[in-house]
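Protein sequences appear in the order of chains A and B.
Under the UniProt record's numbering, the residue at position 19 of the first sequence is numbered 19, and the numbers go up by one with no gaps.
Under the UniProt record's numbering, the residue at position 1 of the second sequence is numbered 1, and the numbers go up by one with no gaps.
The structure appears below as structure tokens.
2 protein chains.
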Amino acid sequence: MSDIANTPAPPYYAVIFSSHLIADDKGYDKGYAAMAERMVELAATQPGFLGIESARENLGITVSYWESLEAIRQWKSNAEHQEAQRLGREQWYSSFRVRVARVEREYGV
Amino acid sequence: MSDIANTPAPPYYAVIFSSHLIADDKGYDKGYAAMAERMVELAATQPGFLGIESARENLGITVSYWESLEAIRQWKSNAEHQEAQRLGREQWYSSFRVRVARVEREYGV
């Protein structure tokens, strides 16, 4: 279960990952769910990781939070993550968009 | 149905809105769904609006995209949106977080 990330005071960085799976929810490869769960676990062990939030209906949105652009660069180049990115492009996603953003303000209850 | 927003080349701004509803999906006030849908429609008519993406499982994530911080400020102060914000705080959300971020890079397929 994804919860609201308990991020520190800004500035920090967000990677907004939006995706559509090739098949619908019932049909998609079981390997996808396991991979997605593994990537959340793996991200949490990386230097500079601050938190992650995820939800999927038809569209899936995962936002991960990081201390710096360098931390994001390292996570993107992680070997196991690179293999997951390759599988995503080749097998799982019909479309996706990755946006790297600098969080400047934050508020909430 | 939410789709991947067709945003222009960065830089632009993102408002990442993460929330938990007070009741579970089956129990929540029907007014919430109508309000959420209306806010998406209303946001799309605002100056500087670039797109919106939304998904909810247990956690809800809505990311709206804007040309400038000024466009975000105007949307936040829109009268009908202010009323929705008040209802959200008082009736619908057990917790939420709003993050305003500057999108610096974007890629995808």
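For every residue, glycine included, the Cβ atom is placed at its ideal position computed from N, Cα and C.
Kindly indicate which three-state DSSP category E53 of chain B falls into: helix, strand or coil? Of the three classes helix, strand and coil, the one that applies to E53 of chain B here is strand, per DSSP.
With a threshold of 16 other CB atoms inside 10 Å of the CB of R73 of chain A, please say whether the residue is buried or exposed. Per the 10 Å Cβ criterion, exposed.
Can you confirm whether E57 of chain A, when its beta carbon is compared against all beta carbons of chain B, has any partner nearer than 8 Å? Interface flag for E57 of chain A against chain B is set, since a Cβ pair is found closer than 8 Å.
How about Y107 of chain A: is its C-beta nearer than 8 Å to some C-beta of chain B? Yes, contact with chain B.
What does E80 of chain A touch in chain B if you count any residue whose Cβ is under 8 Å from its own? Near E80 of chain A there are no residues of chain B at all, since even the closest Cβ is about 20 Å away, more than 8 Å.
Local Cβ density within 10 Å of S64 of chain A, reported as buried at 16 or more and exposed below that: Looking at its Cβ environment, which holds 16 or more other Cβ atoms inside 10 Å, S64 of chain A is buried.
Of all Cβ atoms in chain B, is any one closer than 8 Å to the Cβ of L50 of chain A? The beta-carbon of L50 of chain A is placed no less than 8 Å from the nearest beta-carbon of chain B.
Please classify Y107 of chain B: is it buried, with 16 or more other beta-carbons within 10 angstroms of its beta-carbon, or exposed? Classification for Y107 of chain B: exposed.
Nonlocal neighbours in the same chain, by C-beta distance under 8 Å from N78 of chain A, ignoring five residues either side: Residues of the same chain with a CB within less than 8 Å of the CB of N78 of chain A, apart from the 5 flanking positions on each side, are L42, Q46 in chain order.
Take I52 of chain B as the anchor and find which of B:V103, B:A5, B:F17, B:S94 has the nearest alpha-carbon. Nearest option by C-alpha distance: B:A5.
Could you check how far apart the C-beta atoms of S19 of chain A and Y93 of chain A are, in whole angstroms? I think they sit under 8 Å. Contact flag correct, Cβ pair sits at about 5 Å.
Going by other Cβ atoms of all chains shown within 10 Å of its Cβ, with 16 needed for buried, is I61 of chain B buried or exposed? By the Cβ neighbour-count rule, I61 of chain B is buried, with 16 or more other Cβ atoms within 10 Å of its own.
Under a CB-based cut-off of 8 Å, is R99 of chain B close to chain A? Yes, R99 of chain B counts as interfacial toward chain A.
In chain B, what lies closer than 7 Å to I61 of chain A by C-beta? Those are E53, A55, I61, V63, listed as they occur along chain B.
Mind checking the stretch 4-16 of chain A against chain B and listing, in chain order, the residues whose C-beta falls within less than 7 Å of any C-beta there? Cβ contacts with chain B: I4, A14, I16.
Consult DSSP for S2 of chain A and reduce its assignment to one of helix, strand or coil. Note: S2 of chain A maps to coil in three-state DSSP.
Quick check on the DSSP output: the beta strand (DSSP E) that includes W66 of chain A runs from which residue to which? From DSSP, the beta strand (DSSP E) with W66 of chain A extends over 60-66.
List, in order along the chain, the chain B residues whose C-beta lies closer than 8 Å to that of S2 of chain A? The CB of S2 of chain A comes closer than 8 Å to the CB of E57, N58, L59 in chain B, given here in chain order.
Does the distance from the C-beta atom of E67 of chain A to that of L50 of chain A stay below 8 Å? In contact: E67 of chain A and L50 of chain A (Cβ atoms closer than 8 Å).
Given A101 of chain A, which residues of its chain have a CB within under 6 Å of its CB, disregarding the five upstream and five downstream residues? Close CB contacts of A101 of chain A within its chain, under the 6 Å cut and outside five residues either way in sequence, are with A14 (chain order).
Is E104 of chain A close to chain B? Criterion is C-beta to C-beta, closer than 8 Å. Yes, E104 of chain A counts as interfacial toward chain B.
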